[in-house]
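In this note's numbering, the protein residues as written are 1 to 81.
By construction, the Cβ of each residue, glycine as well, lies at the ideal position given by its N, Cα and C atoms.
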Amino acid sequence: MAELVENASKVTEVGEPVHLGVRAIGTDLLIEVTDSSELTPVRRCASELDEGGRGLLLVQELTSLWGWHPVEGGKVVWAVL
């Protein structure tokens, strides 16, 4: 889920860490990316000519479930494979 890490790196202040966690839950894989931004992740509707803006659409299509929740000092965006 490089897309989640890339999105986090775009909204995180320079020098602030981005944390990636991966763990098995039964037969599923939970991916969690923590960043220091309090911005809500929003799925954009990109046009054919846009070079970006499809990241969360890809996450939605390739995972069984995804979401986010705030944490002290930022947020966690997670996805289940």
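Next on the checklist: Tell me whether G21, by its Cβ, gets closer than 7 Å to a heavy atom of the ligand GTP.
Outcome noted: The ligand GTP is not part of this structure, which contains no ligands at all.
Checklist entry - In the structure shown, what three-state DSSP assignment does E32 receive? => result strand
Next on the checklist: Taking the straight line between their C-alpha atoms, what separation do you get for L29 and Q60?
Outcome noted: 15 Å
Checklist entry - CA-CA distance, E13 and R43? => result 21 Å
Checklist entry - Under the DSSP definition of a beta bridge, which residues are partnered with G67? => result W78
Checklist entry - Using the beta-carbon count (16 or more within 10 Å), is L58 buried or exposed? => result exposed
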